[in-house]
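Residue numbers (this note's numbering), protein chains in the order written: chain A, 329 to 688; chain B, 514 to 702; chain C, 628 to 923. We put the CB at the ideal spot given by N, CA and C, even for glycine. Computed from a predicted model, the values in this text were never measured in an experiment.
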Amino acid sequence: MYVAVKGGERAIDNAHAWLAAERRGDPSVPELSVTQIREQLKLAVNRVMAEGSLYDPDLAALAIKQARGDLIEAVFLIRAYRTTLPRFGASQPISTDAMAVDRRVSATFKDLPGGQILGPTFDYTHRLLDFKLAAEGESPTAHTAPADSAPVPHVTEFLNRDGLIETAEPSDTAPPDLTREPMELPADRALRLQAITRGDEGFILSMAYSTQRGYGRTHAFVGELRIGTVSVSMDIPELGFPIEIGEIEVTECETVNQFKGSKTEPPQFTRGYGLVFGQSERKAIAMSLVDRALRWKELGEDSIGAPAQDEEFVLMHCDNIQATGFLEHIKLPHYVDFQSELELVRRLRAEAMAAQEAAE
Amino acid sequence: MTAQALSGGFSNPPHQSSHAFRAILESFARPGTLLTIRGAQPPAPLSVAAGTALLTLADGTTPVHLAGDADCQPVRDWITFHIGAPLVAPQQAMFAIGRWESLAPLSRFHIGAPDYPDRAATLIVLMDGLSNSGAHLTGPGIATKTLLSLPEIAAFQDNAARFPLGLDFLFVAGNRVAGLPRSTKVEGA
Amino acid sequence: MTALTQDPAYNFAYLDEQTKRMIRRAILKAIAVPGYQVPFASREMPMPYGWGTGGVQVTAACLTPDDVLKVIDQGADDTTNAVSIRKFFQRTAGVAATEATADATVIQTRHRIPEVPLHEGQILVYQVPIPEPLRFLEPREAETRKMHELEEYGLMHVKLYEDIARHGQIATSYAYPVKVEGRYVMDPSPIPKFDNPKLGGCPAIQIFGAGREQRIYALPPYTAVVSLDFDDHPFTASKAPHDCDLCGADESYLDEVIIDDAGGRMFVCSDTDFCAGRQTAGHRGRLSPKAAGKGM
């Protein structure tokens, strides 16, 4: 006898309890603390903050723990939490010139004012599994040097002095906020950058890679990549002057792109820009390549129809929270639609067979 | 800023605005239906319904135009304190509020763009009274026909003729509201 | 009916007041221009995109503490996602919930219009995955927006006509496009085309929310809604040619259920409230316990 499926509520409660037990894993293994995640899985925390659009390492670490290490799920938790936060105002633009630099490299000049600083990078590690890490109790130390608090000028400023690179005019226009306004296309550069910086790292990486392989090539050099902390200030109307409310770590990448000139612009170098929360240099470099590829129209270049040049394609598909939600929704019941398709296919088949018989 | 400016808001915004919105939604969805909204005590010449509609729909992101005697210091102060809406010229307004005569000429207000017809102003019209008499209304939201005491006919016919562009109207008197979206066709009595 | 008290940790109906005002303004413009998709700044909700975030935001903006809420998915009140959304609103808005279509003041639905005719004062909120009816013919938003502006719907007619040329009929069985008040072509969400005739002339307000795609559109009561067709191939609302095996209804949309591994099937109403109501009233179908005799 057929019994209609009931008890959805109990099934959901039981599933959640099971999930919680799975998250904890073997109880004889010590539980992971949020501070351990924040300190020892910092790059995962950075990614969750960047794509979650919320700078809070503790919350990001909590989200990673709750999400069992599924970073997209963790980003989702942060985004949903972020939506509920009241807005007190907007900060002043951060100044990366005044960054306390941990890492700074230029691929265009061998040496330059402010110097090259390798910083904490994987770059020249040999990718050999370090079995010593499997044993516990390790506490490495690093050499330190006195901090240099002098501002570090940007490479592009040196080029700009000679008129060799397009000027990027500063603007006091408030940038659009895609978390508060519906996305409108065509998008201006500020909106595009906002969408890309919170876009999925894998998607942005692949888009950038495709430009390097010829799908909208931008001839990019890393003019400068810098990672470090910057202070965040906010105007407090009651006080009449800005006060520093904290500091954040960011990664900034400026590419210098070869440009032969176009109908509207003289031959000069052009710019791609990436700025991401935390130490996220893969994302920052990829972002600057995608940014540059999307600028073809304003620079008077021709589009070859490459995916990375297609603003609507990139902006509408870079958000992993939108993407994963819609992708995974196809596991929800579709009985009704499927039933209507079943009937249609049966009817079409019956008619096709009848026609075939009539013909024979 | 006077004490009057600081009073007269919602005492329970989530609940009061939810009831007010439902009534406004029904009034737009069923042109010619008179509904009651309350909760606000704004300064004259705004009525209870006018103030309640503004508290429910307007905020710091919605430029408001005050027309005629609605453009007075007590109303400006009240809106600034409770709503925070920028007060602007008709051309920039998302909402406008005033008596029918002072809202004219209507051509000053945004009727939306052909690709974004939603970007049109909503006019909140201060009325002395509202009744189901006068103009005949037909169109979406109306099963056969309804009557509504509109201040005139031709302006609403011109407005409807521009559909999908056009202005949307919310008539308020005392604590009563009636909606007239651009989709409604208006005939004289 | 079951009511819970609102969780004080959240604002009424979860969303903050500013967000609700933004959604409410979009809903009013959607009512003013029936069938036109109003962009709105959809928020990230605590459930995934594609799982009803648009419908949930519309419902949150419409609910009052006095409402009686019904949530259905595939016509059923007890599917897991319907249960989840209903619980969300019971917790964050403290509203009463019901399974009875006639008792509900707000109904959030995915993929169905209830069988029991709706009445004035009700709001039917649809969850919409892809609001743009032209999207699968033209992927670009900039282009489809222009097509709506210019009422250039030829592409849609060509698509439907190609169906007829190839299959002898229009091969669209759900999300069947409609024209609203002779102006905008609209996607009714993935309801079966069986439900299309209920869209027009409906006494309730119908609001469609697409969260991921950031669009809200609406049908005021008694709006003229026409399913696209051709004079020589008129639209037909179709369903499985069976009666419900539990309540015997011959007029309701049916789910097909596989009951054994020998190809045995039964057909049951997709609208669980409708089916239960008929069974309570004594109606029986082919496989009902009573009709089957002794056994149970």
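Excluding the 5 residues flanking residue i on each side, which residues of the same chain have their C-beta closer than 6 Å to its C-beta?
i: V750 of chain C; result: According to the sequence shown, residue 750 of chain C is Ile rather than Val. So the list reads C689, V733 and I832, once near-sequence residues are dropped.
i: A867 of chain C; result: L881 and F894
What does the alpha-carbon distance come out to for the pair residue i and residue j?
i: G522 of chain B; j: A691 of chain B; result: 22 Å
i: F569 of chain A; j: G679 of chain B; result: 44 Å
i: I564 of chain A; j: I571 of chain A; result: 7 Å
i: L636 of chain B; j: A563 of chain B; result: 11 Å
i: T799 of chain C; j: T632 of chain C; result: 44 Å
i: A602 of chain B; j: I610 of chain B; result: 12 Å
i: P526 of chain B; j: L616 of chain B; result: 29 Å
i: V807 of chain C; j: L670 of chain A; result: 28 Å
i: P594 of chain A; j: E629 of chain A; result: 12 Å
i: K460 of chain A; j: D439 of chain A; result: 36 Å
i: R352 of chain A; j: D341 of chain A; result: 17 Å
i: G652 of chain B; j: Y849 of chain C; result: 8 Å
i: F534 of chain B; j: I843 of chain C; result: 16 Å
i: P661 of chain A; j: I406 of chain A; result: 27 Å
i: A769 of chain C; j: Y780 of chain C; result: 15 Å
i: L456 of chain A; j: F450 of chain A; result: 12 Å
i: L521 of chain A; j: R508 of chain A; result: 16 Å
i: V403 of chain A; j: E656 of chain A; result: 16 Å
i: L661 of chain B; j: V852 of chain C; result: 25 Å
i: S446 of chain A; j: A475 of chain A; result: Looking at the sequence itself, residue 446 of chain A is Leu, so the reference to Ser does not match. Straight-line Cα distance between these residues: approximately 15 Å.
i: G600 of chain A; j: T592 of chain A; result: 18 Å
i: P510 of chain A; j: S644 of chain B; result: 39 Å
i: L826 of chain C; j: S608 of chain A; result: 50 Å
i: T575 of chain B; j: M649 of chain C; result: 9 Å
i: L676 of chain A; j: I632 of chain A; result: 42 Å
Per DSSP, which residues does residue i bridge with? Please list them.
i: A723 of chain C; result: C:V695
i: S560 of chain B; result: Beta-bridge pairing links S560 of chain B to no other residue.
i: F857 of chain C; result: C:H860
i: T728 of chain C; result: Its beta-bridge partners do not exist; DSSP assigns none.
i: N708 of chain C; result: None; N708 of chain C has no bridge partner.
i: C581 of chain A; result: A:L553 and A:G602
i: P666 of chain C; result: C:R842
i: R431 of chain A; result: A:I555
i: S561 of chain A; result: A:E572
i: N525 of chain B; result: Answer by DSSP bridge pairing: none, since N525 of chain B is not bridged.
i: I649 of chain A; result: None, per the DSSP bridge assignment.
i: R689 of chain B; result: B:T549 and B:A686
i: C896 of chain C; result: C:L881
Check whether the Cβ atoms of residue i and residue j sit closer than 8 Å, and answer yes or no.
i: L650 of chain B; j: G573 of chain B; result: no
i: A659 of chain C; j: F608 of chain B; result: no
i: A673 of chain B; j: L619 of chain B; result: no
i: R839 of chain C; j: Q650 of chain A; result: yes
i: L873 of chain C; j: S915 of chain C; result: yes
i: V483 of chain A; j: G551 of chain A; result: yes
i: Q368 of chain A; j: E494 of chain A; result: no
i: T652 of chain A; j: R670 of chain C; result: no
i: F666 of chain A; j: G677 of chain C; result: no
i: M535 of chain A; j: P414 of chain A; result: no
i: Q735 of chain C; j: Q717 of chain C; result: no
i: D628 of chain B; j: E776 of chain C; result: yes
i: A621 of chain A; j: T583 of chain A; result: no
Please return the same chain residues whose Cβ sits closer than 7 Å to the Cβ of residue i, not counting the five positions on each side in sequence.
i: P558 of chain B; result: D582, A583 and L639
i: Q420 of chain A; result: S561, M562, D563 and P570
i: G417 of chain A; result: M562
i: T719 of chain C; result: Q633, D634, Y637, A640 and Y641
i: A530 of chain B; result: Correcting the residue identity first, residue 530 of chain B is Ser in this sequence and not Ala. Closer than 7 Å at Cβ, skipping near neighbours: F523, L568 and T569.
i: D641 of chain B; result: A686
Ignore the nearest five residues each way along the sequence and tell me which others in residue i's own chain have a CB closer than 8 Å to its CB.
i: C902 of chain C; result: C871, L873, C874, A876, S879, V895 and C896
i: V373 of chain A; result: I365, R366, P385, A388, A389, I392 and G606
i: V695 of chain C; result: M628, V722, A723, A724, T725, D730, A731, T732 and V733
i: R913 of chain C; result: D870, D872, G875 and M893
i: M427 of chain A; result: V480, R554, G556, T557, V558, V578 and E580
i: L655 of chain C; result: none
For this session: Kindly provide the ranges of any alpha helix (DSSP H) runs that are 4 or more residues long and lie completely inside the stretch 594-662 of chain B, ordered along the chain.
Result: Runs of the alpha helix (DSSP H) lying entirely within the stretch 594-662 of chain B, each at least 4 residues long, are 613-616 in chain order.
For this session: Counting only runs of 4+ residues fully inside the stretch 368-404 of chain A, write out the alpha helix (DSSP H) ranges in chain order.
Result: Taking only runs of at least 4 residues, the alpha helix (DSSP H) segments lying wholly in the stretch 368-404 of chain A are 370-380 and 385-394.
For this session: Please go through the stretch 508-553 of chain A and give each complete alpha helix (DSSP H) segment of 4 or more residues, from N-terminal end onward.
Result: Correct list: 517-525 and 529-540.
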